[in-house]
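>
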Amino acid sequence: MRGAPFSMNVLRPRNAPEALRAFSKNPKLTPLAGGTDFMVAWNAGQLQNRVVLDLSRLKEWKKIQKTKEGIRIGSLVTHRRIQEHPVVRSMFPLLVRACAEVGGWQIQNRGTLGGNIANASPAGDTFPPLSVYEGMVNVLSPRGRKRVPFHQVFAGVKKTTLQPGELIESIEIPYLKNRPHHQMFRKVGTRAAQAISKTVAAGLLWLKKDKTVQELRFALGSMAPTARRLKSVESFCLGKRMTPEVVDRACELLVQDVSPIDDIRSTREYRLRVSQNLLRSFLNG
Amino acid sequence: MVSVGKNVPRKEGPQKLCGLAKYIDDYDFKDCLYGVTFRSSIPHGLIKKISFDSDFPWQEYVIATAQDIPGPNVVALIENDQPLLADKKILHPMEPILLVSHPILQKAYAALEHIRVDYEELPAVLTLEESLSLEQVLYPPDNVFKKFQIQKGNVEAGFAQADFIVEGEYRVPHQEQTYIENNGVAAYVENGTIVVMGSMQCPYYVHKALKHIFNVPDEKLRIIQTTTGGGFGGKEEYPNMIAGHAALLALKSGRPVKMIYDRQEDMAATTKRHPAWIKHRTGVTKEGKLVAQEIEVVMDGGAYVTLSPVVLSRGTLHATGPYECPNVRVVSKTAATNTPPNGAFRGFGAPQTLFAAELHWEKIAEAVGLDSLTLRRLNVFKEGSQTATGQILGESVGASEVLERAVTRSRYISKRKEYSLWNRDKKKESWRGMGLALVHHGAGFTGSGEVYLASRAGVAFTNKGQVKVLAASTEIGQGTISMFAQIVADSLGIPYEWVVVVDPDTGQVPNSGPTVASRTCMVVGGLIQKATLQLKQELSRHISKKSSWSQEDLKEAARKMIPPPAGEAELAPSRRSAGGGMMEGQPEKKYIVEYEKPKEIQWDDKTYKGDAYAVYSYACAVVDLEVDKLTYEVKIHKITTAQDIGKAIHPLLAEGQIMGGTAQAVGYALYENVVMKNGVMQNAQLTNYIIPTFMDTPPMDIEIVEKPYSHGPFGAKGVGELPMDVPAPAIAAAIHHATGLWIPELPILPEKIFKVFFSSPLVGEGRVRGT
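As they're listed, the protein sequences go chains E and V. In this text, residue positions in the first sequence follow numbering that gives the first Met the number 0: the first is 0, and each later residue adds one. In this text, residue positions in the second sequence follow numbering that gives the first Met the number 0: the first is 0, and each later residue adds one.
#1: Could you tell me if F757 of chain V is buried or exposed, where buried requires 16 or more neighbouring beta carbons within 10 angstroms of its beta carbon?
#2: In or out: L250 of chain V buried (at least 16 other Cβ within 10 Å) or exposed?
#3: List, in chain order, every chain V residue whose beta-carbon is nearer than 8 angstroms to that of L263 of chain E.
#4: Name, please, each residue of chain E whose Cβ falls closer than 8 angstroms to the Cβ of D86 of chain V.
#5: Would a C-beta distance cut-off of 9 angstroms place L538 of chain V and L469 of chain V closer than the cut-off?
#6: DSSP has Y118 of chain V in a bridge; who is on the other side?
#7: So that I know if they touch, is there some Cβ in chain E lying closer than 9 angstroms to that of D799 of chain V?
#8: Using a Cβ-Cβ cut-off of less than 9 angstroms, give me the residues of the stretch 264 to 285 of chain V that come near chain E, in sequence order.
#9: Taking CB distances under 9 angstroms as the criterion, tell me whether A110 of chain V reaches chain E.
#10: Whole angstroms are fine: how far does the CA of E175 of chain V sit from the CA of M258 of chain V?
#11: Could you tell me whether any Cβ in chain E is nearer than 9 angstroms to the Cβ of D424 of chain V?
#12: Between which two residues does the alpha helix (DSSP H) harbouring L289 of chain V extend?
#13: Among the candidates V:T225, V:P722, V:E236, whose CA atom is the shortest distance from the CA of A208 of chain V?
#14: Under three-state DSSP, which class holds V95 of chain E?
#15: What does the Cβ neighbour count give for E293 of chain V, buried or exposed, with the cut at 16 atoms within 10 Å?
#16: Using DSSP with H/G/I as helix, E/B as strand and the rest coil, what is G33 of chain E?
#17: Can you tell me whether P698 of chain V is buried or exposed? The criterion is at least 16 other CB atoms within 10 Å of its CB, across all chains shown.
#18: How is the beta strand (DSSP E) around Q213 of chain E delimited, first residue to last?
#19: Please report the Cβ distance between G220 of chain E and F126 of chain E, rounded to the nearest whole angstrom; I am assuming they are in contact, meaning their Cβ atoms lie under 8 angstroms.
#20: In whole angstroms, what separates the C-alpha of T352 of chain V from that of P728 of chain V?
#21: To which residues does DSSP link D786 of chain V through a beta bridge?
#22: Could you tell me the distance, in whole angstroms, from the CA atom of G34 of chain E to the CA atom of R49 of chain E?
#23: Are the CB atoms of A471 of chain V and G512 of chain V nearer to each other than 9 angstroms?
#24: Since I believe L32 of chain V is in contact with L248 of chain V (beta carbons under 8 angstroms), could you give me their beta-carbon distance rounded to a whole number of angstroms?
#25: To test your reading of the DSSP string, which unbroken alpha helix (DSSP H) runs of 4 or more residues are found completely within the stretch 228 to 290 of chain V?
#26: From the DSSP output, read off the bridge partner residues of G609 of chain V.
#27: In the structure shown, what three-state DSSP assignment does T111 of chain E receive?
#28: Do the stretch 141 to 152 of chain E and the stretch 65 to 82 of chain E make contact, defined as three or more Cβ pairs closer than 8 angstroms?
#29: In chain order, what residues of the stretch 29 to 40 of chain V put their CB closer than 8 angstroms to some CB of chain E?
#30: Can you tell me whether P274 of chain V is buried or exposed, with buried defined as 16 or more other CB within 10 angstroms of its CB?
#31: Output, in chain order, the set of chain V residues within a Cβ distance shorter than 7 angstroms of A3 of chain E.
#32: By a C-beta neighbour count over all protein chains shown, 10 Å radius and 16 as the cutoff for buried, is Q66 of chain V buried or exposed?
#33: Does the distance from the C-beta atom of Y631 of chain V to that of I752 of chain V stay below 9 angstroms?
#34: Anything in the stretch 182 to 199 of chain E with a Cβ closer than 7 angstroms to a Cβ of chain V? List those residues in chain order, please.
#35: On the three-state DSSP scale, how would you describe L98 of chain V?
#36: Tell me, please, whether the CB atom of A43 of chain E is closer than 9 angstroms to any CB atom in chain V?
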């Protein structure tokens, strides 16, 4: 353990106003919402002398609530709780499947959805589902609440657009208007559990009666600095039948929407090909 | 009352289960300092200057450098080429240069940021190609640490008889031992004796190394093994280094010093399995009989000699696989690179060469037009077969039996046909394959190694009638303690529960040799059995012959055999109890036996001819798997394995060894990829160095075959390393069956399958399926 316990100060606000006050007073605080990533870096001695804003006492942010338009998941809800929630299970199965593949059980029990988003890893497993479900992120600051579309939270690798003093309060996911004809989630990690994804995909597809595409939503993680919706692919497929030629072309277009790299876990070429294979398999139904 | 062959409770089980077992980091020492290591950041160069930030509170620290070493600056092993602390030359990244200690661990680490070393960098030799090209000479004259040659018959004449000559080239990578407990020791000086406690496999190796470093007599050093969380070879030689460091700081500071590596340091700085290239050229008749084997092995030794010669020796001696061939030539060498020294790892060179030997059968099969099972049946070792070194296999040869058992249990033949049909269906989402491999593994040290070791082990009988086992062989999770107690109990005819096994402490136990080479049960267990029989003989002079003795009988015998403490009996030093406390010593009588080579074993180190090992264990694995067509990921459905280990003293523990070794080999085959850059491991963390989790470990069907060995206790041979040898080539063969791709290189990552799928094969030739 290279992190020095004596160098860490922990603030433990009892409620949201206290947390926001503390954060606005000291914008250098590091909010802690689970800590499954924070503690790894801390253990390696990379986060010495931090003042940590431990949010674990904010009970209000640990709730999953139904609203008229959808569901509101408090930012401190764990990946385990999301999997257990009956409404999330029936309405947002892709999110449930993603949460079930985050790390292992220990991490799912500890890690939170809000913490995962604020951590802004390019490989966040819940991000492709949140992207295709078109979630909104509620951000609180002493100035009030703002609603940020999911993708606008991310600024780059491990970077968000959140300002010091701002905290994620909850994530809202609207109900889908119609049941999709096809849906998929697939994480391709380095192994079956405790793995970081090499590519991670979520897709929703609605067809018209004549089998042409009414709407396609497809998102990939680990393929760019942030999770990506495949806008070129989606707009190309709109109104078309999924003939072999159209599917081929859609797979070619995938390349335009992402920018995968060679890294310690995989290669650019593999990531591209496998993502294309997943898209092809999804579009072929 | 028989315990051998039964699943008796593990001696140390309750302590481990209840969290009471004390690992080295669980011990508290008064006024303890934490030691950390400042390491080189370059692969090759000279140290010009070491400077310390002037505004740092160095007065709080105790620092040790090469100048503080009382004896020679050398970690003594086979060659004395590796320094304890580098003082002039740097031969690999992560090489220890100096040691820093502080009462607070994090402050010790923080100090490393305030030390600077100026180097004169030299061109680095990072790969075997670079080493053999000799542009830089790291180890004069030719960068080769060691060479071997095995010669049998006339290879050229053999090839002349062959109908087919099949060539293949194979590559295997580094592998990290990934024990659950990192390397760690504590050292202190007590009444002029240097005491080192820690996680280790071989207390007497540490004893030998420290004796040189500190220039002290044997009795001024005491090495104690603490409960150890796995070793797999990774705690064979490396503890010599870290123990030397901790003891150096303890001597200089006059305080106890703990040095416990964290995972990142352990992975980046300590030893790994040797990467290797292996080339095969094989002559076969059209009937499938082997007539010539020509094999070349090259291993990457890393920066210092360490154990590379012996790893290479075992790799060389196993390179042919368990098959009889009249004409064989194996040439091998291990060469120097500017990377951290590679070292011992379960299998010790054999998994590398057996991967090549076994996967090569698939190539031969395609050339000859017979399947690899038929070819193996035609050539496999039987009783009376002659190995490449000319050894006649006289007894305990279970090769055919394990092959047939695994083939039958796994339904290898019918499933192979079934999967070939499955693979013709383009609509299926996967390719499926069945693969097979068969290996042998020599138990005990290579060649005359056991003679040189001259191991000593035995039992003690106390004046209270208690029987204690005395050996330096360590319990590292594999069941040493329980197995020793079973052997003693049954040899004496007393219950297993009555036997106590003394903790390995060089102050208390004789040198029974290192806990390596699948030798603990067969060799040391054999010594302990002999010693027990001596005790039994003496006991039967004092108490009446019965089918079993009571504790009263033993106490009575003890009164007769051992005079009261004032008498002549040897007074045993105090014994650490399992909880770490001290127990009062009791007068006792010791029965210590030294290793004697069985008469029929003959070995010539110069010509590499004769009985390379006293006996071999055998294993066959059949792997049933599928490859996802979308992601190229491999999912193993099942591994069926049959292993001939002579006798399973403790069947559950033996099965545990087989399961663990199989899982470790699944990692070797499919996941574990040490990424090196400029000689430094880039993924020195468990997040990115991928070992199989529970969810990646396939179901296993295990059958233990018992072909008894006359010199092993109750017929036992070795089981420790054998299971590591066999799964990887079977997995590669199954992937070949599934995909038609030829991937002669580990690990077979999905990225590699993808790459070969869409391009030409990596090495050699093979059928490549188009898209």
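For glycine and all other residues, C-beta sits at the position ideal for the given N, C-alpha and C. Fair warning: this is a prediction, and the values are worked out from it, not measured in the lab.
To lay it out plainly:
#1: exposed
#2: buried
#3: Here the sequence assigns Ile to residue 263 of chain E, which means Leu is not the residue at that position. Under the 8 angstroms cutoff, chain V gives V674, Q681, N682, N687.
#4: In chain order: nothing, as chain E lies at least about 26 angstroms away.
#5: no
#6: V:I46
#7: Any answer about residue 799 of chain V is impossible in this case: the structure gives chain V only from 0 up to 770.
#8: none
#9: no
#10: 20 angstroms
#11: no
#12: Here L289 of chain V belongs to no alpha helix (DSSP H); instead the beta strand (DSSP E) covers 289 to 301.
#13: V:E236
#14: helix
#15: buried
#16: coil
#17: exposed
#18: 212 to 220
#19: 5 angstroms
#20: 10 angstroms
#21: With chain V covering only 0 through 770, there is no way to say anything about residue 786 of chain V.
#22: 13 angstroms
#23: yes
#24: 7 angstroms
#25: 237 to 252, 262 to 268
#26: V:W602
#27: strand
#28: no
#29: none
#30: buried
#31: Q105
#32: exposed
#33: yes
#34: V187, T189, R190, A191, A192, Q193, I195
#35: strand
#36: yes
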